[in-house]
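Reviewing the structure listed below.
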Amino acid sequence: MEENDLEASTAVMTAALAKTYEVVREMAKRCPPTNKVIRRRCTYCEEKGEYTCRGCESARYCSPECQAKDWPIHRLLCGSQSQTTRPSADHARAILFPADETEPRFIWVEQFSKSEYFFPIIDSWLTPYARYANMVADMNALLEEAGHDVAGHGLAMIGLHEQPLPDVPVNASILTVGKPGQMKTWFGNQLIVARRPNEPGTRGMTLDDVNFRDFRHAVDLYQHHPLNPCVINPERYKLPVMPGAIIHCDGALRRFGRFGLNSRIESVVLRRDQGEDSLVTESFCIGLAKFGLEWSCRRQATHQEWLDIDVKGLALVNLTARNMVHRTVKRNGGCSLRPVGNAGTIVVFDHSGRAIGPVQIQAFNTYFGHIPKSNDEIAMMNRQNEASRQCNEQKPGGETSGHVGRA
């Protein structure tokens, strides 16, 4: 069978067949062999799993200490693994992170074959967003990049492209395992499947069962993804970190307010070094140099988080961070620096390694508040106030509306 003759039966293939097929084929080539010894290790660490959780009788731990550390995450799925039986020998256990629910769950994914090709049937699990599904990511490679240990078999993430799409909501269940506003935003349903090497002569993706150790790896990936602005769980992050602070933009506060984000400024832990392929822009906070401070700020790529309609709707307005980010303005043959009032969410850090707290940032803004503002800043503040007034008028109780609140 020629590749072009392949009749795709799943949405993940029909969305971007050529690109997706190449990704799946390359993943199949480098799928690690199943290692039962690794698979039976402690769910939380790399020691031998001496006993199992009494609730699910499946998750293995080396000690009560590791079990206690894992419980906040493990409780989300404890007991659910045994609630349903395997529908057929062609089904494999997977993990679904639904967009419209607050908790992930175990599911059964059917595998079908067409000649020598193998594919998972995933349409129903990605519905109603299946038509957008065009992402198949090699989790083993991403976990390795974040410094995590091996999984003992292949793992893949299937779902939507990493950028936002119209009418596709923020994934609520992924936010449950992290901190809203401090992670990369995921949209639509996300599916975690396990893989095992194909038999000689076969192609595609051969599924395997996931277990609680794989669930822990999935959570590690979401918490420590290379595109995350912050490190969610430093204890499980193997690469160098440093203290910092995150300053959320107006759009982030509206988007994540219903998920518990209620503070404009938060002290956080940051990845010290950015990856080679990072889409993060890092620049020196030149406006604070007069205080003898060597601070820098990082900004995420706008297209990874927001649609054009959100940007036009003032989602990136962040007047609290305006003194941390500057732009160069050419005028009358010279150049001057102007504060940026719509930089989006930023993180700041001190090159000395000292922690940064909300009080420090508020103090600097109080100082700069006594300095006359430029016409650009005044116009930005007026637009922000007008947008807030319109949002409060559109819905009772001051609930914000518009695209920012949905995706």
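If you read the sequence shown in UniProt numbering, its first letter stands for residue 1, the second for the next number, and so on. All residues carry an ideal CB built from backbone N, CA and C; glycine is no exception.
When C-alpha distances from D70 are compared across C53, G181, D209, H248, the shortest belongs to C53. Between the beta-carbon of Y129 and that of V168 there is about 5 Å, and that keeps the pair under the 8 Å contact cut. 8 Å or more divides the Cβ of G181 from the Cβ of L96. Under the 10 Å beta carbon count, P104 is surrounded by 16 or more other beta carbons and is classified as buried. Annotation for V219: no beta strand (DSSP E) segment contains it, though the alpha helix (DSSP H) segment containing it runs 212-223. For T366, the enclosing alpha helix (DSSP H) stretches over residues 358-369.
By alpha-carbon distance to P166, the top candidate from M183, I158, L307, F349 is L307. The bridge partners DSSP lists for A245 are S267, V348. When secondary structure is reduced to three states using DSSP, W295 falls in the strand class. Counting along the chain, K312 sits inside the alpha helix (DSSP H) bounded by residues 308-312.
Note: L337 is bridge-paired with T328 in the DSSP secondary-structure output. Excluding residues up to 5 positions away in sequence, nothing lies with its Cβ nearer than 7 Å to the Cβ of H370 in the same chain.
Pairing D250 with G257, the inter-Cα distance amounts to about 10 Å. An exposed status is given to C335, since fewer than 16 other beta-carbon atoms sit within 10 Å of its beta-carbon. The beta-carbon separation of C297 and V347, rounded to 7 Å, stays under the 8 Å limit for a contact.
Check the Cα spacing between L227 and each of L270, G188, A252, L288: the tightest is with L270. Assignment of W186 by DSSP, reduced to helix, strand and coil, places it in the coil class. Assignment of L96 by DSSP, reduced to helix, strand and coil, places it in the strand class.
With fewer than 16 other CB atoms across the displayed protein chains lying within 10 angstroms of its CB, A68 is exposed. By the C-beta density criterion, F349 is buried, having at least 16 other C-beta atoms within 10 angstroms. Between P98 and N189, the C-beta spacing is below 8 Å. Remark: C-beta atoms of R331 and V340 do not approach each other more closely than 8 Å.
Fewer than three beta-carbon pairs drawn from the stretch 210-221 and the stretch 314-328 are found closer than 8 Å, and the two stretches are therefore not classed as touching.
Counting C-beta atoms within 10 angstroms of its own C-beta, I309 has fewer than 16 neighbours from the protein chains shown and is therefore classed as exposed. Restricting attention to D149, C42, H224, A252, the CA atom closest to the CA of V311 is found in A252.
A residue is called buried once 16 or more other Cβ atoms fall within 10 Å of its Cβ, and Y367, having fewer, is exposed. Under the criterion of beta carbons closer than 8 Å, L221 and F187 do not qualify as touching, at roughly 16 Å. As the crow flies, the alpha-carbon of H303 is around 24 Å from that of V177.
Here F106 is buried. Its C-beta has 16 or more other C-beta atoms within 10 Å. G244 counts as buried, since at least 16 other C-beta atoms from the protein chains shown sit within 10 angstroms of its C-beta. V231 and E305 have their C-alpha atoms spaced approximately 18 Å apart.
The residues I265, in chain order, have a CB closer than 6 Å to that of I361 in the same chain once the five nearest residues on each side in sequence are set aside.
Here DSSP, grouped into helix, strand and coil, assigns R60 to strand. About 6 Å separates the beta carbons of I192 and M157, which is inside the 8 Å limit, making them a contact pair. By the C-beta density criterion, H248 is buried, having at least 16 other C-beta atoms within 10 angstroms. Setting aside the 5 residues that flank it on each side, Q274 is surrounded in the same chain by V280, E282, R298, each with a C-beta closer than 8 Å to its C-beta; the list follows chain order.
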